[in-house]
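Data first, discussion second: the structure below is written as structure tokens.
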Amino acid sequence: AIGYAATWVALRGWTDSRERPREGAGPMPAWRRRLMWVTRLSARCILFSFGYHWITRKGRPAPRELAPIVVSNHVSYIDPIYFFYELFPTIVSSDSHDAIPFVGTIIRAMQVIYVDRFSPASRKSAVNEIKRKAAGNSFPRVLLFPEGTTTNGRFLISFQHGAFIPGYPVQPVVVRYPHVHFDQSWGNISLIALMFKMFTQFHNFMEVEYLPIVYPPEIKQENALHFAENVILFYSNESSFQHLWFSVAMWS
């Protein structure tokens, strides 16, 4: 409730990009961003209540001016809560999420980029917004989960292209949930069942590893597909991931 109230105040009187779709919104003013620390700390308290009393972090986020785009594997609904606390990034989200109580308010504060995944025009507009916000250092980092769905944390599937079309350096991040009894990946299990099982364990483990920056190909003719494949191979070399050459909803 405290975090929601702080977010409501931070958004009060500020026009986001959803209300100005043609011209695009500017970055959130500094005082509003500082106020959002109340909500970010509330998010960390939520993680603590779920049993994530401490989270192992390896490496550090690269400076925003060097890597304006962050990509991560997607394992659980816990991932975005952690990144909200840690990075307070801009995200890409379905436009339907704007109407969800509480969630819609939070993602607007993150200067969300809305997209209708079934509309080519909307996907193109989202890529342009990613490029615009990545180009301006006054905006937050842009965070994307390029697999487009959750996986079990051991395999990667082929990436969507949205993070790579703009041609900016990206910082890959690996999220892991080491476990003994309960696999915390959000697969063939309902959200309610997943949350219940998390609460039955006193402590849940989470590791977040920030990898070195990956730069786009120097040859401009090499496209986003090549860049995405380079990042996948980098993931495979730097971590224990195996890659399944399977594509879901590729952005082209």
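Just so you know, we're using full-length UniProt numbering here: the sequence shown kicks off at 1 and counts up by one.
Note that beta-carbon positions come from the ideal geometry of N, C-alpha and C, so glycine has one too.
Close beta carbons around Tyr4, own chain, < 7 Å, minus the five adjacent residues each side:
Around Tyr4, the same chain offers Phe102 and Thr105 as residues with beta carbons nearer than 7 Å, after the five sequence neighbours per side are excluded.
For Val71, which residues in the same chain have their Cβ closer than 6 Å to its Cβ, ignoring the five residues on either side in sequence?
Once the five neighbours on either side are set aside, the close Cβ partners of Val71 are Leu144, Pro146, Ala163, Val170 and Pro172.
For Ile113, which residues from the same chain have a beta carbon less than 8 Å from its beta carbon, with the 5 sequence-adjacent residues on both sides left out?
For Ile113, where only same-chain residues beyond five positions count, the Cβ hits under 8 Å are Ser17, Thr90, Ile91, Val92, Ser93, Ala126, Glu129, Ile130, Lys133 and Val142.
Secondary structure of Ile107, DSSP reduced to three states
Helix.
Mapping the DSSP letters down to three states, classify Pro172 as helix, strand or coil.
Here Pro172 sits in strand by DSSP.
For the stretch 63-144, list the alpha helix (DSSP H) runs that are entirely contained and at least 4 residues long, ordered along the chain.
Runs of the alpha helix (DSSP H) inside the stretch 63-144: 78-86, 103-109 and 120-135.
From Leu66, Val75 and Ile232, pick the residue whose C-alpha is nearest to that of Arg176; which is it?
The residue with the shortest Cα to Cα distance from Arg176 is Val75.
Just to check my reading of the structure: Ile78 and Met206 have Cβ atoms closer than 8 Å, yes? What is that Cβ distance to the nearest angstrom?
Contact flag correct, Cβ pair sits at about 7 Å.
Hey, Arg108 and Asp98: beta-carbon distance below 9 Å or not?
The answer is yes: Cβ separation under 9 Å.
I'd like the list of long-range same chain contacts for Leu66, defined as Cβ closer than 7 Å, with 5 residues on each side in sequence excluded.
Excluding residues within five positions, the ones whose Cβ falls inside 7 Å are Pro169 and Ile213.
Skipping 5 residues on each side, what residues in its chain have a beta carbon closer than 7 Å to that of Arg44?
These residues qualify, in order along the chain: Tyr85.
For Val9 and Ser42, what's the separation of their Cα atoms in angstroms?
The straight-line gap from Cα to Cα measures roughly 15 Å.
Bridge partners for Lys58 per DSSP, in chain order?
Paired residue(s): Glu209.
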